[in-house]
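Under this note's numbering, think of the first position of the sequence shown as 5, with each following residue one higher. For reference, the structure discussed in these notes is given below.
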Amino acid sequence: MVQPAQSPEPDRSPGPARSSEPARPSDVPADHVVVLFGATGDLARRKLLPGLFHLARAGLMPRRYRIVGSAPAAEALTDQEFRTHAQQAVAEFGRSRPEGPAWEAFAAGLSFGAADTGAAEPLMAAVREAETALGGTPRRLFHLAVPPVAFTSVIDLLGATGLAADGKVIVEKPFGTDLASARALNAAIHAVFDEARVFRIDHFLGKEAVDNVLALRFANGLFEPLWNRDHISHVQIDVPEHIDIQGRARFFEGTGTFRDMVVTHLFQLLGFIAMEPPVALEAGPLRDEQVKVFHSMRALDPAHVVRGQYGGYRDEQGVDPASDTETFVALRVAIDNWRWSGVPFQLRTGKALAEGRHMVTLGLREPVLRMFPLETRAAAEGRSNELVIDFDDPGSITARFLVKEPGPSMRLADGDMLFNYRTAFSAQNFLEGYEHLLLEAMRGNQSLFTRSDGVERLWEVAAPLLDAPPAVRPYAPGSWGPDGIDGLVAPYRWHLPDRRDATP
């Protein structure tokens with residue numbers, strides 16, 4: 005019999021992806037059987053299998069665990085074929101090499117069980133075997149790395165077979181495509197899993213720099229007093245992507261950038277930036293404050309939205325030649341509460357843009373009395389003091405301010421104070437977004453996962469735009485988007501710092 009996988013001692017051999025210190029007992033989850041639906045798919049190959057192995061190398065997997073892959077019977081693998089598939093995935097996309105005792109221990113815990121509606125016995129047998137091998141009462145975690153159209157059928161299968169009993173489920177985005185579909189999906193999930201066992205995953209919220217937004221605000225008296233309308237003039241959340249749709253026309257034509265990126269990523273990040281201080285850094289209080297932000301958001305005004313489509317999109321195979329699907333969206337969001345009234349939140353994201361970035365910029369108001377002539381580069385670009393958060397992995401924080409140039413004249417120059425995760429901490433301690441969230445799901449911590457009422461509120465906010473979207477405007481691949489986006493944020497300007505500003 006294959007022995008259950010047991011987390012090895014943290015690997016201290018050289019390399020950028022290895023943990024440098026043992027995991028604390030509080031970090032290590034209880035014993036688990038993790039079931040990956042869609043185990044032969046792209047998400048599992050690129051993120052989930054490499055991420056789980058990296059957690060094992062870092063000593064952050066449960067002391068005893070098994071991972072059961074699943075897919076429809078037409079894609080069934082033997083246990084050994086699944087181990088080979090996982091090894092190839094880790095070799096291609098992982099940060100830790102699939103070799104040595106660490107890999108052997110991880111691979112020993114892999115098995116496979118196919119499942120179709122009404123024919124789930126292979127999966128049930130694989131789960132039973134895994135639990136018997138572990139002994140005791142291991143917990144179950146199901147990850148639905150499947151297309152959205154399959155969510156309900158997999159949930160129904162887990163309920164009908166009894167596998168869902170006392171288990172937890174990770175649901176991938178999109179969480180519906182409008183308010184009605186989100187409500188229907190939540191109803192289907194809640195028929196089998198209560199909300200306390202549902203983990204709607206958004207890998208943006210697993211990034212170290214997103215957690216650091218909470219630390220930056222609530223652990224530092226330097227910043228929290230400034231985090232309001234009296235001191236902040238505007239907030240920008242900018243997530244341009246250099247890549248195009250990469251052949252995913254079937255998915256993208258039915259989704260578009262707004263549904264794919266804004267509702268499920270940028271709005272969630274906005275909730276963390278704009279929330280009130282929670283009474284505790286725990287799932288309940290944190291998500292309560294995030295959902296309060298969503299309820300304070302005004303319904304989107306289509307007049308404050310620019311939709312774009314890059315040149316050549318309609319030539320992609322599978323795209324309607326007359327498609328009005330947006331590959332770019334920029335919008336202005338208003339939050340009606342005491343902290344943020346009158347402060348515009350400006351969001352931009354899209355495909356085939358000049359470069360890929362993940363930035364939040366908080367523009368600080370100018371002093372009431374301007375005593376100094378402003379002839380700096382920042383002044384010429386319409387910028388003032390700023391706090392810039394780069395939440396790409398591993399991320400950085402830059403404070404931008406004005407200083408006096410050396411010399412006899414009172415002339416100002418732009419100055420930066422930079423905190424960079426890559427140089428401040430050892431890179432081997434970082435967890436990527438999926439790794440972090442997989443760990444938190446096993447630990448049962450919902451702090452960084454979205455809640456059903458928050459999801460439904462965001463679709464409610466989005467309804468006016470979905471009902472009457474402005475026509476898409478063309479833009480050239482490699483540009484920053486269509487004409488008209490500057491007027492959307494006037495009197496402010498879109499701002500991305502130069503790449504060199506965030507690089508040591």
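The beta-carbon is built from N, C-alpha and C at its ideal position, and this holds for glycine as well.
How many angstroms separate the CA atom of residue i from the CA atom of residue j?
i	j	result
valine 150	leucine 335	30 Å
leucine 452	proline 178	16 Å
glycine 166	alanine 43	21 Å
isoleucine 174	arginine 455	12 Å
threonine 353	valine 337	14 Å
glycine 301	leucine 273	Reading off the sequence shown, one finds methionine at residue 301, where the question assumed glycine. Taking the straight line from one Cα to the other gives about 14 Å.
tryptophan 498	glutamine 240	8 Å
alanine 111	histidine 207	25 Å
alanine 164	alanine 118	16 Å
valine 6	glycine 73	For valine 6, the predicted structure reports a pLDDT of 47, less than 50, and the residue's modelled location is therefore unreliable. A value from the coordinates is still provided. The straight-line gap from Cα to Cα measures roughly 15 Å.
alanine 60	alanine 95	15 Å
leucine 435	serine 400	15 Å
alanine 21	serine 100	Residue placement at alanine 21 is flagged as unreliable, the pLDDT there being 34, under the threshold of 50; the coordinate-derived value follows with that caveat. Cα to Cα, alanine 21 sits roughly 6 Å from serine 100.
threonine 141	tyrosine 438	26 Å
glutamate 176	glycine 367	33 Å
proline 481	lysine 355	8 Å
glycine 485	threonine 331	10 Å
alanine 287	asparagine 224	21 Å
isoleucine 489	tyrosine 479	11 Å
glutamate 444	glutamate 390	32 Å
glycine 258	glycine 55	29 Å
leucine 290	alanine 106	36 Å
glutamate 25	isoleucine 193	Note on glutamate 25: pLDDT 48, under 50, position unreliable in the model; no value is reported.
glutamate 199	isoleucine 159	14 Å
valine 243	arginine 361	5 Å
leucine 64	aspartate 31	7 Å
aspartate 487	alanine 284	44 Å
serine 345	tryptophan 231	13 Å
lysine 408	methionine 446	52 Å
Name the two residues that bound the continuous alpha helix (DSSP H) containing residue i.
i	result
leucine 406	Careful: leucine 406 lies outside any alpha helix (DSSP H), inside the beta strand (DSSP E) at 400–408.
methionine 421	Unbroken run through methionine 421 is the beta strand (DSSP E), 416–424; no alpha helix (DSSP H).
glycine 163	155–165
glutamine 450	Taken as a continuous stretch (DSSP letters only), glutamine 450 belongs to no alpha helix (DSSP H), as it is neither H nor E.
arginine 132	125–138
glutamine 272	271–278
valine 459	456–471
arginine 254	253–257
leucine 189	183–194
leucine 230	From DSSP, leucine 230 is part of no alpha helix (DSSP H); its letter is neither H nor E.
proline 491	The displayed chain sequence assigns glycine, not proline, to residue 491. Start and end: 489–493.
Pull up the DSSP beta-bridge partners for residue i, would you.
i	result
serine 74	Phe41
isoleucine 247	DSSP, once it has assigned bridges, lists no residue as partnering isoleucine 247.
histidine 147	Leu40 and Ile174
aspartate 120	Ala123
valine 337	Phe349
leucine 114	Ile71
serine 483	Leu357
arginine 204	Val175 and Thr454
glutamate 390	Gly367 and Arg404
valine 239	Phe349 and Leu366
If the criterion is Cβ atoms closer than 7 Å, does the pair residue i and residue j meet it?
i	j	result
arginine 233	valine 347	yes
glycine 458	valine 295	yes
arginine 221	glycine 322	no
methionine 363	leucine 492	no
alanine 93	arginine 132	no
alanine 1	tryptophan 463	Given that the chain is displayed from residue 5 to residue 508, the structure contains no residue 1 and the question cannot be resolved.
lysine 172	arginine 201	yes
histidine 1	glutamate 359	Absent from the structure is residue 1, since the part of the chain shown begins at 5 and ends at 508.
arginine 68	leucine 138	yes
phenylalanine 41	aspartate 83	no
threonine 121	leucine 161	yes
alanine 213	phenylalanine 395	yes
leucine 47	alanine 90	no
valine 333	threonine 268	no
At what residues does the beta strand (DSSP E) containing residue i begin and finish?
i	result
aspartate 292	From DSSP, aspartate 292 is part of no beta strand (DSSP E) but of the alpha helix (DSSP H) over 287–300.
valine 214	Looking at the DSSP string, valine 214 is not in any beta strand (DSSP E); the run it does join, the alpha helix (DSSP H), is 212–222.
threonine 365	363–368
valine 309	309–314
leucine 59	First-last for leucine 59: 53–61, but that is the alpha helix (DSSP H), not the beta strand (DSSP E).
phenylalanine 86	Where phenylalanine 86 is concerned, there is no enclosing beta strand (DSSP E), although the alpha helix (DSSP H) it sits in stretches over 83–97.
Quiz prompt | Inter-stretch contact at 8 Å, needing at least 3 Cβ pairs: the segment 70–87 / the segment 120–130 | solution = yes
Practice problem: Evaluate the contact criterion for the segment 126–146 versus the segment 35–42: three or more CB pairs, one atom per stretch, below 8 Å. | Solution: With a cut-off of 8 Å, the segment 35–42 and the segment 126–146 count as touching, because enough Cβ pairs lie within range.
Self-check item: the segment 463–478 touching the segment 310–319, judged by at least three CB pairs closer than 8 Å
Solution: Yes, since at least three Cβ pairs between the segment 463–478 and the segment 310–319 fall closer than 8 Å, the two stretches touch.
Quiz item: Is it true that the segment 398–412 meets the segment 276–288, where meeting means three or more beta-carbon pairs spaced less than 8 Å apart?
Solution: no
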